[in-house]
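Enquirer: In my numbering, the protein residues as written are 2 to 162.
Heads up, the beta-carbon is just placed ideally off N, CA and C, and yes, glycines get one too.
For clarity, every value in this text was computed on a predicted model and none was experimentally measured.
(1) Give the list of continuous alpha helix (DSSP H) stretches no shorter than 4 residues that lie fully inside the stretch 63-98.
(2) Should residue 32 and residue 6 be called a contact, given that it needs their Cβ atoms to be closer than 9 Å?
(3) What would DSSP say about residue 44, mapped onto helix, strand or coil?
(4) Hey, could you find the ends of the alpha helix (DSSP H) residue 28 is sitting in?
(5) Taking the beta strand (DSSP E) that residue 58 falls in, what are its first and last residues?
(6) What is the rounded straight-line gap between the Cα of residue 59 and the Cα of residue 53?
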């Protein structure tokens with residue numbers, strides 16, 4: 002069995018988790034972690050962890066401007082940040098051979114309520130980032146997207162695959 006731990010990439014949290022010699026580290030990111038000096042620090046951290054034999058998973062930032070992000074968006078600025086940050090994460094993941102975790106948030110908002118319209122919007126949002134056929138069925142993407150098992154893609158649900 003593999004040991005997986007979650008943390009930010011701040012030195013205090015990271016070194017605390019490394020004491021347990023984990024096989025997997027999931028780094029939870031904040032909105033500013035993907036830009037300028039913080040991005041360099043993140044990429045250095047990824048290199049250090051992979052050199053130690055850890056599998057690294059990056060967790061897409063949960064918030065932007067104090068608002069929870071979702072794959073579907075109510076505000077244009079959230080949409081732009083979500084897509085920009087996802088593309089940056091794709092570049093980082095492909096450069097370092099790591100994965101990124103994206104999932105709907107757990108706060109109850111109009112975009113997170115479970116209904117057909119939100120489900121359809123979420124699928125469209127994912128398809129804009131990366132074609133779902135490749136994402137779910139060929140595994141040639143750095144993204145791990147967690148959806149409800151009954152989410153429909155084309156004529157089938159995820160449970161059908």
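Expert: Short version:
(1) 77-97
(2) no
(3) helix
(4) Residue 28 -> not in any alpha helix (DSSP H); beta strand (DSSP E) instead, spanning 25-29.
(5) 56-60
(6) 17 Å
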